[in-house]
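Taking it in order: structure first as C-alpha coordinates, then the write-up.
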Amino acid sequence: MARRVEFVDTSVLCNLLEIPGKSQHRDKVQEQLRQKLAARDCDLLLPMTAVIETGNHIAQLADGRVRRSCADRFAAVLRMVADGRAPWVLNEVEWDAGHLRLLVEGGRTGSSLVEHACNRLGCGDLNILVERDRYLARTSGVQAAIWTLDELLSSYA
(Lines of atoms letter the chains of each structure in order from A and count residues from 1; the text may use other names and numbers.)
(Lines give C-alpha, C1' and ligand atoms only; values in the text may rest on other atoms or scores of the structure.)
Protein backbone atom coordinates (compact mmCIF):
# COMPACT_ATOMS: atom_id res chain seq x y z
CA MET A 1 0.00 0.00 0.00
CA ALA A 2 1.30 3.46 -0.91
CA ARG A 3 2.13 5.91 1.85
CA ARG A 4 -0.43 8.74 2.04
CA VAL A 5 0.35 12.41 2.53
CA GLU A 6 -2.00 15.36 2.80
CA PHE A 7 -1.07 18.96 2.15
CA VAL A 8 -2.63 21.26 4.77
CA ASP A 9 -4.45 24.12 3.04
CA THR A 10 -4.69 27.68 4.31
CA SER A 11 -8.39 27.16 5.09
CA VAL A 12 -7.48 24.40 7.56
CA LEU A 13 -4.59 26.32 9.12
CA CYS A 14 -6.75 29.43 9.61
CA ASN A 15 -9.37 27.35 11.44
CA LEU A 16 -6.78 25.71 13.67
CA LEU A 17 -5.29 29.12 14.53
CA GLU A 18 -8.77 30.57 15.11
CA ILE A 19 -8.30 33.56 12.83
CA PRO A 20 -11.40 35.78 13.03
CA GLY A 21 -13.52 35.57 9.89
CA LYS A 22 -11.55 32.54 8.71
CA SER A 23 -12.37 29.95 11.39
CA GLN A 24 -16.08 29.23 11.15
CA HIS A 25 -15.37 25.46 10.94
CA ARG A 26 -12.87 25.27 13.80
CA ASP A 27 -14.56 22.44 15.73
CA LYS A 28 -14.87 20.32 12.58
CA VAL A 29 -11.22 20.90 11.63
CA GLN A 30 -9.98 20.15 15.15
CA GLU A 31 -11.93 16.88 15.13
CA GLN A 32 -10.57 15.99 11.69
CA LEU A 33 -7.04 16.64 12.95
CA ARG A 34 -7.62 14.44 16.01
CA GLN A 35 -8.89 11.66 13.73
CA LYS A 36 -5.95 11.97 11.35
CA LEU A 37 -3.43 11.87 14.20
CA ALA A 38 -5.15 8.93 15.87
CA ALA A 39 -5.38 6.92 12.63
CA ARG A 40 -1.70 7.53 11.80
CA ASP A 41 -2.46 6.57 8.22
CA CYS A 42 -1.08 9.67 6.55
CA ASP A 43 1.63 12.29 6.94
CA LEU A 44 0.63 15.95 6.97
CA LEU A 45 2.68 18.46 4.98
CA LEU A 46 2.53 22.22 5.37
CA PRO A 47 2.96 23.92 1.98
CA MET A 48 4.82 27.21 1.83
CA THR A 49 1.73 28.69 0.20
CA ALA A 50 -0.35 28.07 3.33
CA VAL A 51 2.31 29.76 5.46
CA ILE A 52 2.34 32.88 3.29
CA GLU A 53 -1.44 33.11 2.85
CA THR A 54 -2.11 32.57 6.56
CA GLY A 55 0.40 35.27 7.46
CA ASN A 56 -1.35 37.63 5.04
CA HIS A 57 -4.77 36.90 6.57
CA ILE A 58 -3.38 37.69 10.02
CA ALA A 59 -1.72 40.92 8.83
CA GLN A 60 -5.04 42.10 7.38
CA LEU A 61 -6.96 41.82 10.68
CA ALA A 62 -8.29 45.24 11.68
CA ASP A 63 -7.98 44.92 15.46
CA GLY A 64 -4.34 45.25 16.50
CA ARG A 65 -4.72 43.21 19.68
CA VAL A 66 -6.40 40.35 17.80
CA ARG A 67 -3.79 40.64 15.04
CA ARG A 68 -1.01 40.37 17.66
CA SER A 69 -2.63 37.38 19.37
CA CYS A 70 -3.09 35.53 16.07
CA ALA A 71 0.46 36.37 14.99
CA ASP A 72 1.80 35.00 18.29
CA ARG A 73 -0.11 31.73 17.80
CA PHE A 74 1.06 31.52 14.20
CA ALA A 75 4.70 32.12 15.15
CA ALA A 76 4.44 29.42 17.82
CA VAL A 77 3.11 26.93 15.26
CA LEU A 78 5.88 27.81 12.80
CA ARG A 79 8.48 27.32 15.54
CA MET A 80 6.96 23.91 16.29
CA VAL A 81 7.21 23.00 12.61
CA ALA A 82 10.84 24.15 12.46
CA ASP A 83 11.63 22.16 15.62
CA GLY A 84 9.85 19.01 14.37
CA ARG A 85 7.19 19.15 17.12
CA ALA A 86 4.13 19.96 14.99
CA PRO A 87 1.65 17.40 13.66
CA TRP A 88 2.94 18.21 10.17
CA VAL A 89 6.23 18.93 8.45
CA LEU A 90 7.09 21.71 6.06
CA ASN A 91 6.95 20.82 2.39
CA GLU A 92 10.35 22.00 1.27
CA VAL A 93 9.97 23.13 -2.30
CA GLU A 94 12.51 24.93 -4.42
CA TRP A 95 11.16 28.20 -5.79
CA ASP A 96 12.99 28.48 -9.07
CA ALA A 97 12.26 29.17 -12.74
CA GLY A 98 10.96 25.63 -13.18
CA HIS A 99 8.47 26.13 -10.36
CA LEU A 100 7.23 29.39 -11.88
CA ARG A 101 6.85 27.74 -15.29
CA LEU A 102 4.78 24.96 -13.75
CA LEU A 103 2.66 27.53 -11.92
CA VAL A 104 1.99 29.50 -15.12
CA GLU A 105 1.20 26.25 -16.95
CA GLY A 106 -1.20 25.21 -14.17
CA GLY A 107 0.73 22.14 -13.11
CA ARG A 108 -1.10 18.94 -13.97
CA THR A 109 -4.55 20.52 -13.83
CA GLY A 110 -4.92 20.87 -17.59
CA SER A 111 -5.57 24.63 -17.33
CA SER A 112 -3.17 27.55 -17.18
CA LEU A 113 -2.81 30.08 -14.38
CA VAL A 114 -4.70 32.58 -16.56
CA GLU A 115 -7.58 30.16 -17.14
CA HIS A 116 -7.73 29.33 -13.43
CA ALA A 117 -7.74 33.01 -12.51
CA CYS A 118 -10.64 33.59 -14.88
CA ASN A 119 -12.46 30.70 -13.18
CA ARG A 120 -11.67 32.11 -9.70
CA LEU A 121 -9.05 29.58 -8.60
CA GLY A 122 -6.45 31.79 -6.94
CA CYS A 123 -2.72 31.63 -7.47
CA GLY A 124 -2.20 30.39 -3.89
CA ASP A 125 -4.52 27.44 -4.40
CA LEU A 126 -2.93 26.68 -7.75
CA ASN A 127 0.50 26.83 -6.15
CA ILE A 128 -0.53 24.24 -3.55
CA LEU A 129 -1.45 21.96 -6.46
CA VAL A 130 1.94 22.62 -8.06
CA GLU A 131 3.68 21.96 -4.73
CA ARG A 132 1.83 18.64 -4.56
CA ASP A 133 2.78 17.80 -8.16
CA ARG A 134 6.45 18.53 -7.48
CA TYR A 135 6.35 16.47 -4.28
CA LEU A 136 4.93 13.51 -6.20
CA ALA A 137 7.59 13.94 -8.90
CA ARG A 138 10.42 13.66 -6.36
CA THR A 139 8.99 10.81 -4.27
CA SER A 140 7.78 7.33 -5.09
CA GLY A 141 5.14 5.07 -3.62
CA VAL A 142 3.11 8.02 -2.32
CA GLN A 143 -0.49 9.12 -2.72
CA ALA A 144 -0.91 12.86 -2.13
CA ALA A 145 -4.14 14.72 -1.36
CA ILE A 146 -4.97 18.20 -0.11
CA TRP A 147 -6.79 18.73 3.17
CA THR A 148 -8.93 21.73 2.41
CA LEU A 149 -12.32 23.26 3.13
CA ASP A 150 -12.28 25.15 -0.18
CA GLU A 151 -14.70 23.55 -2.65
CA LEU A 152 -12.95 24.73 -5.80
CA LEU A 153 -9.53 23.59 -4.59
CA SER A 154 -10.96 20.28 -3.37
CA SER A 155 -12.27 19.59 -6.88
CA TYR A 156 -8.59 19.40 -7.97
CA ALA A 157 -7.32 17.72 -4.79
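Under our numbering, read the sequence shown as residues 84 to 240, first letter to last. All C-beta atoms, glycine included, are put in the ideal place defined by N, C-alpha and C.
Indicate whether residue 210 and residue 137 have their beta-carbon atoms separated by less than 8 Å. No, these two residues do not count as a Cβ contact at 8 Å.
Could you tell me which whole alpha helix (DSSP H) segments of length 4 or greater appear in the segment 143–173? Listed in chain order, the complete alpha helix (DSSP H) runs (minimum 4 residues) inside the segment 143–173 are 147–165.
Rounded to a whole number of angstroms, what is the C-alpha to C-alpha distance between residue 116 and residue 88? If you take the alpha carbons of residue 116 and residue 88, they lie about 13 Å apart.
Let me know if residue 153 comes out buried or exposed under the rule of 16 or more other beta-carbons within 10 Å of its beta-carbon. Classification for residue 153: buried.
Three-way DSSP call (helix, strand, coil) for residue 85 in this model: Annotated three-state conformation of residue 85 is coil, per DSSP.
Where residue 107 sits in the DSSP three-state scheme: Residue 107: coil per DSSP, three-state reduction.
Identify which residue in 126, 198, 114 has its Cα closest to the Cα of residue 86. Out of 126, 198, 114, 126 has the C-alpha closest to the C-alpha of residue 86.
Report yes or no: do the segment 154–163 and the segment 99–110 share at least 3 C-beta pairs separated by less than 8 Å? Output reads yes: the segment 99–110 touches the segment 154–163.
Let me confirm a value: residue 178 is counted as buried when at least 16 other C-beta atoms fall within 10 Å, else exposed. Which label applies? Counting Cβ neighbours within 10 Å, residue 178 comes out exposed, since fewer than 16 surround it.
For residue 124, tell me which candidate among 234, 94, 228, 175 has the shortest Cα-Cα distance. The candidate whose alpha carbon is nearest that of residue 124 is 228.
Return the residue from the list 190, 222, 224, 113 that minimises the CA-CA distance to residue 208. Measuring C-alpha to C-alpha distances from residue 208 to each of 190, 222, 224, 113 identifies 190 as the nearest.
So the beta strand (DSSP E) residue 227 belongs to, where does it begin and stop? Element bounds for residue 227: 225–230.
Endpoints, the alpha helix (DSSP H) within which residue 212 is located: 206–221 is the span of the alpha helix (DSSP H), which, as asked, contains residue 212.
Sequence-distant residues of the same chain with beta carbon closer than 7 Å to residue 120, five excluded per side: If you ignore the 5 residues before and after residue 120, its C-beta comes within less than 7 Å of the C-beta of 170, all in its own chain and listed in chain order.
Suppose the cutoff is 7 Å on Cβ atoms and the five residues either side in sequence are ignored; what does the same chain contact list for residue 144 look like? Here residue 144 has 103, 150, 153 as same chain residues with Cβ atoms under 7 Å from its own Cβ, once five neighbours each way along the sequence are excluded.
For the beta strand (DSSP E) that contains residue 179, what are its first and last residues? It is not in any beta strand (DSSP E) - residue 179 carries neither H nor E in the DSSP assignment.
Does the Cβ of residue 233 have 16 or more other Cβ atoms within 10 Å, making it buried, or fewer, making it exposed? Per the 10 Å Cβ criterion, buried.
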